[in-house]
Structures are given as structure tokens and as C-alpha cells.
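*Asks:* The sequence shown: position 146 = 217 (the UniProt record's numbering), numbered continuously.
Just so you know, even glycine gets a beta-carbon here, dropped at the ideal spot from N, CA and C.
Computed from a predicted structure; not experimentally measured.
I am attaching a structure below and will ask some questions about it afterwards.
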Amino acid sequence: LPDDEKMLYGEFKKDFIWSSATASYQIEGAWRQGGKGLSIWDKFTHTPGNILQHDTGDIACNSYNKMEDDIAALKKVKVSHYRFSVSWPRILPDGTTKYINQAGINYYKKLLDSLIAANIQPQVTLYHWDLPQALQDVGGWENETIIERFRDYADILFENLGPKVQLWITFNEPFIIAILGHVQGTHAPFSDRPDTLPYIVSHNIIKAHAEAWHVYNDKYRASQNGMVSITVNADWAEPRNPYKQEDYDAARSVVEFYLGWYAHPIFNGDYSPLMKRSVLEQSLAGGLTKSLPEFTPEEIKRINGTYDYFGLNHYCSVLAFPVDFGEIQHFEADDRTWLESGSHWLTMTPFGLRRLLKFIKHEFGNPPIIITENGVSENGPVDLNDVHRKYFYEKYINQVLKYLLDDVNVIGYTAWSLLDNLEWAVGYTERFGLFYINRSDPDLPRTPKASVSFYSSIISCNGFPDP
Ligand code: GBH
Numbered sequence: 072l073p074d075d076e077k078m079l080y081g082e083f084k085k086d087f088i089w090s091s092a093t094a095s096y097q098i099e100g101a102w103r104q105g106g107k108g109l110s111i112w113d114k115f116t117h118t119p120g121n122i123l124q125h126d127t128g129d130i131a132c133n134s135y136n137k138m139e140d141d142i143a144a145l146k147k148v149k150v151s152h153y154r155f156s157v158s159w160p161r162i163l164p165d166g167t168t169k170y171i172n173q174a175g176i177n178y179y180k181k182l183l184d185s186l187i188a189a190n191i192q193p194q195v196t197l198y199h200w201d202l203p204q205a206l207q208d209v210g211g212w213e214n215e216t217i218i219e220r221f222r223d224y225a226d227i228l229f230e231n232l233g234p235k236v237q238l239w240i241t242f243n244e245p246f247i248i249a250i251l252g253h254v255q256g257t258h259a260p261f262s263d264r265p266d267t268l269p270y271i272v273s274h275n276i277i278k279a280h281a282e283a284w285h286v287y288n289d290k291y292r293a294s295q296n297g298m299v300s301i302t303v304n305a306d307w308a309e310p311r312n313p314y315k316q317e318d319y320d321a322a323r324s325v326v327e328f329y330l331g332w333y334a335h336p337i338f339n340g341d342y343s344p345l346m347k348r349s350v351l352e353q354s355l356a357g358g359l360t361k362s363l364p365e366f367t368p369e370e371i372k373r374i375n376g377t378y379d380y381f382g383l384n385h386y387c388s389v390l391a392f393p394v395d396f397g398e399i400q401h402f403e404a405d406d407r408t409w410l411e412s413g414s415h416w417l418t419m420t421p422f423g424l425r426r427l428l429k430f431i432k433h434e435f436g437n438p439p440i441i442i443t444e445n446g447v448s449e450n451g452p453v454d455l456n457d458v459h460r461k462y463f464y465e466k467y468i469n470q471v472l473k474y475l476l477d478d479v480n481v482i483g484y485t486a487w488s489l490l491d492n493l494e495w496a497v498g499y500t501e502r503f504g505l506f507y508i509n510r511s512d513p514d515l516p517r518t519p520k521a522s523v524s525f526y527s528s529i530i531s532c533n534g535f536p537d538p
């Protein structure tokens, strides 16, 4: 560890992507404006009891009507890129191509034009969790017809927006969609059949991703020449007791489970052996009906290789150790010396990011990696001097810089988030933004926190030049 903690001085390679991110439901607002259909998050937040303090994304940061303010904020940070997501029901109100909402397409076209005019390149996510409610009504991700729906949606975006976009992300964090949305019920759509559902949902998401990639590859790559991939989230895990082999094994399965579910089929082919074994073991131990669907050999081939880079969202590390609670085979804990944040699940553990990057390099054939999210929150009283965020970005980004030592092919870094926004089930109570938004001011002004100039200076220096 001591070696890990040491600062490395140096610069990132030329043309490194410096970005900041948001997602449609978390910032756009305008939930019934411009011909938008309803999403599962509109329904979920309007159902009492789901979101802290009854918050909703009805208005959020009102980014739908405040595009200029967002662009001004991005210019202030001096990012080279901006990651945002498209709201599917804003483009296809009932999820299908029966009706294409031109106002929705125009909104994103205008956003892209404004970004490009400001010399900021877009990274566009197709799906950051706001599924059209009409598709949920026929089973959502559980119904395999959604694969075709997603492919058609992707086709429309590539056709209409593709000439202005070089970087695409099909899905944001399928793991969270499956587990929080279909097991825990803390995210939309909520479900009460947790056993098999996350595996079916994920199976369809993986296939939908692959189909979108193929559409791009077959129809658009030659003329648009961009990159399409998926973004997975992964914590890093350390053994709780480094003298115990079983703690190492538990740590390895935590990381492999995150990555093996989605990245293994896409980067290596099929679910990882550990993934298959672990679902089977859990099922047997729990006396449950869990089972992992199988890909046919043709499907394995069609999915394998559907990436142009590796998209990674990473926030923190955990300590792992085995337990035997039937279904639950390992457990995660925090070290009590790790610094906390405004979110109970997020400790400041910069060393894990470097280790995770090395793991990805070895596990998935040294792909180009874009860190598509990394950031920290606060809650409670407002303090624009966000020293914890400066600390977080300095330490984490410095760990990324060690890609030079490890020869990992990292090509970009994205700070989550540009703005304080709707943090899903906890509403506006946890704030991840570089910019603070005073929600009691109807103008919702974007006020820079101290971390803005800090992140901006890292970007201007392209790293940490030797003092
Ligand atoms: C990302 O998810 C999302 O992509 C982004 O939209 C989000 O705003 C950001 O992180 C910050 O959370 O309270 O125990 O139920 C990261 C995965 C999903 C991890 C929500 C924490 C809540 C855990 N996060 N989850 S819990």
C-alpha cells in the first residue's frame, strides 16, 4: 500500500479524453415537454415511498430548457468531452418506431451542435435507465422482443445523431439495472420476482447491446468511424485478511462477478466460468429457482467482440471475506480508516482504481479503457469549498496516471457529475456535482464548487507536471 499512495508526477498521453458526465433522467426535467413519452423513472418517482423526500425528476436541473447554462459550465471546466444520455421516450414516446418524435431528435441535435461549437466532443449513452413505460408494460427487459426495440432505437440515433458523434455507450451499468431494478427494487421498474429475473434481464441486455453494435458496424462505421461500447460498473475488492487464502478468493469473486457477467461475454465470449458456477452454487444453496440462461454457440460468436473500447464506472473498493449464509457466499466490508463521503456505500479508496485497471488489462485482452464515471458526493449543508472532492479527484486521477507505469491503455477519464442532480432513490440529498444547484432558486443556477478550478487545472496541465 505505501507505494500505491505515493504521488506520481507526469502527464497523460496526448489526446487523452477529459470529460464530465450526466444522465437524461437525472438532469433534463421537462418530463412532459416536447412530446416526450413517460419512462419507468417517471412512474417510479411518482409512486409514493420510492424516493427520499418525494423527489422526482420532473424538473431536475431543467437541462432541457437550460442547455446554454450546461455548455457554459462545461466550458468553465475546460473538458474536451461531455458524456450525456439520450432519453429513449423523448425520441420514441412509446418505445417503438411507430412514432418518431422529431422534437426530441432536434433537442439532441442542438445539444450536439452547441457542444461542437464550444469545441467539446460528445460521448453519448443510449440507455441510462429511463426505459419507455410502454415497453415496461409489455415486460421491459424481461421480454426478449426488447432486443429488436433497442436495435431500432439505436439505429435511429446512429442515423440522426451519428454524423456528430464519435463515442457511443450502449448501456450504463447493466449490473445496476439487473440488481437494483429487478432484485432490490430500489430502482425502477421494481420487481417482486427476484430469483431468475436479473439473469433474464441481463441476458436480453447483453444481446441488445450486441445487436446495436452490429447495426453500427454494418451500417454506419464506414461513414461515421466512431467507437461503440458498453459501460460496466465494478468495485475493487481486497481480501479483508491478507493472510487468508479464502479472503483472496472472496475478493476475486467480487471483482469477477461484476465484470464476468457482462464484460466476459462481450470481450472474451460467454459468461465467465465463475459466473456460471456461482449462480449454480447460490441456487443450490438457497433452494431457489435461480439459473443463468445459456447462449447458443451462434449467440456466443455474435456477442463476442462487440466492443471498440472498455467503458468503466468505478467509485470505490471493499474488503471481502467468505461467509456461508446459504445463498450469500461472500461479504463485503469497509476498513474503518477509509474516508467516508456523502453516500454510505462510497469510501475514498483511490488505490483500488489502479488495481482494477490492471485487472481489466489482463482479463480482457488489453483493450483501450475509458473511465466513464468516477466521483464523490456530499450531503447536508452546502459548502462550496468541497475539499473532499478535490482530494478525491487528485488521488484517483493520480492513480489513473500510473497507467504509464503499468502500461494499461487508458484513453479517457470522466468525472461524475457535472451537476448536482437527481441521485436516483436518494433524490437530491446526495450531491455528486462539480456545480452546485440551489434548488430553492427557480432559475436553478449552476454555481461552481472549488473542485471546478481544481479539476480544470489538472485538465489544463494534462496531469500532474513535476513541481
Ligand atoms: C452510477 O452508479 C450511476 O451511473 C449514476 O447515474 C449515479 O448518479 C452515480 O453512480 C452515483 O451513484 O444505497 O446501497 O442501494 C453507481 C452505482 C448505484 C452505486 C446506486 C450505489 C446505491 C447503493 N451506484 N447504489 S444502496
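With 16 as the cutoff for other CB atoms within 10 Å, does K473 come out buried or exposed?
*Replies:* The residue labelled residue 473 in the question sits at position 402 within the sequence shown. When all chains shown are included, K473 counts as buried.
*Asks:* The alpha helix (DSSP H) with F83 in it runs from where to where?
*Replies:* Looking up residue 83 in the sequence shown gives position 12. It is not in any alpha helix (DSSP H) - F83 carries neither H nor E in the DSSP assignment.
*Asks:* Can you list, in chain order, the residues of its chain with a C-beta nearer than 6 angstroms to that of M298? Leave out the 5 residues immediately preceding and following it.
*Replies:* As a position in the sequence shown, residue 298 is number 227, starting the count at 1. L238, D379 and Y380, listed in sequence order.
*Asks:* Can you check whether the CB of A305 is closer than 8 angstroms to the CB of H385?
*Replies:* Within the sequence shown, residue 385 is the residue found at index 314, counting from 1. Within the sequence shown, residue 305 is the residue found at index 234, counting from 1. In contact: H385 and A305 (Cβ atoms closer than 8 angstroms).
*Asks:* Could you tell me whether any non-hydrogen atom of ligand 1 is closer than 7 angstroms to the CB of Q97?
*Replies:* The residue labelled residue 97 in the question sits at position 26 within the sequence shown. Q97 Cβ: within cutoff of ligand 1.
*Asks:* Please list the terminal residues of the continuous alpha helix (DSSP H) segment that includes T116.
*Replies:* By one-based count along the sequence shown, residue 116 stands at place 45. Run containing T116: I111 to T116, per the alpha helix (DSSP H) assignment.
*Asks:* Can you check DSSP and say which residues form a bridge with L267?
*Replies:* Position 196 of the sequence shown, counted from the first residue, corresponds to residue 267. Note that residue 267 corresponds to Thr in the displayed sequence, not to Leu. Answer is none; T267 lacks a bridge partner.
*Asks:* Got a sec, what are the start and stop residues for the alpha helix (DSSP H) Y467 sits in?
*Replies:* Here the question's residue 467 lines up with position 396 in the sequence shown. Run containing Y467: V458 to L472, per the alpha helix (DSSP H) assignment.
*Asks:* Name the one or two DSSP bridge partners that W239 has.
*Replies:* Here residue 239 refers to the residue found at position 168 of the sequence shown. V195 and V299, per the DSSP bridge assignment.
*Asks:* Just the Cα atoms here: how many angstroms apart are L475 and I111?
*Replies:* Along the sequence shown, one-based indexing puts residue 475 at 404. Along the sequence shown, one-based indexing puts residue 111 at 40. If you take the alpha carbons of L475 and I111, they lie about 42 angstroms apart.
*Asks:* Which word fits Q204, buried or exposed, when buried means at least 16 other C-beta atoms lie within 10 angstroms of its C-beta?
*Replies:* The residue given as residue 204 occupies position 133 in the sequence shown. Its Cβ being crowded by 16 or more others within 10 Å, Q204 is buried.
*Asks:* For a quick check, are the C-beta atoms of I374 and I431 less than 8 angstroms apart?
*Replies:* By one-based count along the sequence shown, residue 374 stands at place 303. By one-based count along the sequence shown, residue 431 stands at place 360. No, Cβ-Cβ distance for I374 and I431 is not below 8 angstroms.
*Asks:* Measuring only the C-alpha atoms, how far is Y467 from E365?
*Replies:* Stepping through the sequence shown from its first residue, residue 467 is reached at position 396. Stepping through the sequence shown from its first residue, residue 365 is reached at position 294. Approximately 37 angstroms, taken between the alpha carbons.
*Asks:* By the three-class DSSP mapping on this structure, what secondary structure does F422 have?
*Replies:* Against the sequence shown, residue 422 aligns to sequence position 351. The answer is helix: DSSP assigns F422 an H, G or I state.
*Asks:* Excluding sequence positions up to five away, which residues of its chain have a Cβ less than 8 angstroms from the Cβ of V350?
*Replies:* To locate residue 350, count along the sequence shown from 1; it is residue 279. Within the same chain, V350 has close Cβ partners Y270, K361, S362 and L363.
*Asks:* Answer with yes or no whether the minimum CB distance from I142 to chain D is below 8 angstroms.
*Replies:* No chain D appears in this structure, which consists of one protein chain only.
*Asks:* Just to confirm, is the Cβ distance from R502 to E449 under 8 angstroms?
*Replies:* Residue numbering aside, residue 502 sits at position 431 when the sequence shown is read from its first letter. Residue numbering aside, residue 449 sits at position 378 when the sequence shown is read from its first letter. Yes.
*Asks:* Between W416 and ligand 1, is the CB less than 7 angstroms from at least one heavy atom?
*Replies:* Reading the sequence shown from its first residue, position 345 is the one you call residue 416. Yes; taking the cut-off as 7 angstroms, the Cβ of W416 has a heavy atom of ligand 1 nearer than that.
*Asks:* State yes or no: is the C-beta of G413 within less than 8 angstroms of the C-beta of L123?
*Replies:* Taking the sequence shown and counting its residues from 1, the one referred to as residue 413 is at position 342. Taking the sequence shown and counting its residues from 1, the one referred to as residue 123 is at position 52. Cβ atoms of G413 and L123: not closer than 8 angstroms.
*Asks:* Which full runs of the alpha helix (DSSP H) of 4+ residues lie inside the segment 204-263, going along the chain?
*Replies:* Runs found: 204-207, 217-232 and 245-250.
*Asks:* Is the beta carbon of A391 less than 8 angstroms from the beta carbon of A334?
*Replies:* The residue you call residue 391 lines up with position 320 of the sequence shown. The residue you call residue 334 lines up with position 263 of the sequence shown. The answer is no: Cβ separation not under 8 angstroms.
*Asks:* Where does V492 fall in DSSP's three states?
*Replies:* Residue numbering aside, residue 492 sits at position 421 when the sequence shown is read from its first letter. One point to set straight first is that residue 492 is Asn, not Val, in the sequence displayed. Here N492 sits in coil by DSSP.
*Asks:* So, helix, strand or coil for R510, using DSSP?
*Replies:* Sequence index remark: in the sequence shown, residue 510 carries index 439 (1-based). Three-state DSSP puts R510 in coil, outside helix and strand.
*Asks:* In this structure, how does DSSP classify residue 541 when only helix, strand and coil are distinguished?
*Replies:* Absent from the model: residue 541. The displayed extent of the chain is 72 to 538, so no value can be given.
*Asks:* Please list the terminal residues of the continuous alpha helix (DSSP H) segment that includes L186.
*Replies:* Locating residue 186 in the sequence shown gives position 115, where the first residue counts as 1. Note, L186: alpha helix (DSSP H), Q173 to A188.
*Asks:* Using the beta-carbon count (16 or more within 10 Å), is R264 buried or exposed?
*Replies:* One-based indexing of the sequence shown puts residue 264 at position 193. Per the 10 Å Cβ criterion, exposed.
*Asks:* Quick test of your reading: G175 and G105, contact by CB under 8 angstroms. State the CB separation rounded to the nearest angstrom.
*Replies:* Against the sequence shown, residue 175 aligns to sequence position 104. Against the sequence shown, residue 105 aligns to sequence position 34. Rounded, the Cβ-Cβ distance is 6 angstroms, consistent with contact.
*Asks:* Does the separation of the CB atoms of D75 and F422 fall below 8 angstroms?
*Replies:* If you number the sequence shown from 1, residue 75 lands on position 4. If you number the sequence shown from 1, residue 422 lands on position 351. Closer than 8 angstroms, so yes.
*Asks:* Which parts of the segment 331-411 are runs of the alpha helix (DSSP H), unbroken and 4 residues or longer, counting only runs that do not cross its ends?
*Replies:* Taking only runs of at least 4 residues, the alpha helix (DSSP H) segments lying wholly in the segment 331-411 are 344-357 and 368-374.
*Asks:* Quick check: does the Cβ of F503 come within less than 7 angstroms of any heavy atom belonging to ligand 1?
*Replies:* As a first step, residue 503 must be located in the sequence shown, where it is residue number 432. Because some heavy atom of ligand 1 lies under 7 angstroms away, the Cβ of F503 counts as near it: yes.
*Asks:* Alpha carbon to alpha carbon, what distance is there between F328 and F221?
*Replies:* Your numbering for residue 221 matches position 150 in the sequence shown. Your numbering for residue 328 matches position 257 in the sequence shown. For F221 and F328, the distance between alpha carbons rounds to 25 angstroms.
*Asks:* Go to A144, then tell me how far its beta strand (DSSP E) extends in each direction, as first and last residue.
*Replies:* Walking along the sequence shown from the start, residue 144 turns up at place 73. Here A144 belongs to no beta strand (DSSP E); instead the alpha helix (DSSP H) covers M138 to V148.
*Asks:* Please determine whether the Cβ atom of L390 lies at a distance below 7 angstroms from any heavy atom of ligand 1.
*Replies:* Here residue 390 refers to the residue found at position 319 of the sequence shown. No.
*Asks:* Have a look at D184 and K146 and give me their C-alpha separation to the nearest angstrom.
*Replies:* Taking the first residue of the sequence shown as 1, we reach residue 184 at position 113. Taking the first residue of the sequence shown as 1, we reach residue 146 at position 75. In a straight line, the C-alpha of D184 is about 14 angstroms away from that of K146.
*Asks:* Name, in chain order, the residues that DSSP records as bridge partners for E444.
*Replies:* In the sequence shown, the residue the question calls residue 444 occupies position 373. Bridge partners of E444: N384.
*Asks:* To which residues does DSSP link Y484 through a beta bridge?
*Replies:* If you number the sequence shown from 1, residue 484 lands on position 413. Its beta-bridge partners are W89 and I442.
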